[in-house]
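Participant:
Residue numbers (the working numbering): 571 to 637.
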């Protein structure tokens with residue numbers, strides 16, 4: 571299987587939804603929202619965001635940047 575060209579290479583630093591930094595790997599929780607790829611530190615943060623992006627604890631930063 572070919573790597574997804576829209577994903578960073580493994581071990582590339584990425585900014586998370588909470589404005590932290592992690593090294594991307596194939597297990598990094600990620601979601602495309604309004605055409606923008608968003609990275610999460612934890613699967614639980616991704617799940618909360620997927621359940622309701624507008625009320626998630628990360629909504630302020632993500633929705634503001636996506637408008």
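Glycine included, every Cβ here is placed at the ideal spot set by N, Cα and C. Note that the coordinates shown come from a computational prediction; the quantities given were computed from them, not determined experimentally.
(1) Can you give me the C-alpha to C-alpha distance between residue 583 and residue 616, rounded to a whole angstrom?
(2) What residue range does the alpha helix (DSSP H) around residue 621 cover?
(3) For residue 591, which residues does DSSP report across the bridge?
(4) Shorter than 7 Å, the distance from the beta carbon of residue 600 to the closest heavy atom of the ligand NAP, or not?
Facilitator: In short, the structure shows the following:
(1) As a position in the chain shown, residue 583 is number 13, starting the count at 1. As a position in the chain shown, residue 616 is number 46, starting the count at 1. If you take the alpha carbons of residue 583 and residue 616, they lie about 18 Å apart.
(2) What you label residue 621 is simply residue 51 of the chain shown in a count that begins at 1. Annotation for residue 621: the continuous alpha helix (DSSP H) segment containing it runs 613-621.
(3) To locate residue 591, count along the chain shown from 1; it is residue 21. 585, per the DSSP bridge assignment.
(4) The ligand NAP is not among the ligands present in this structure, which contains no ligands whatsoever.
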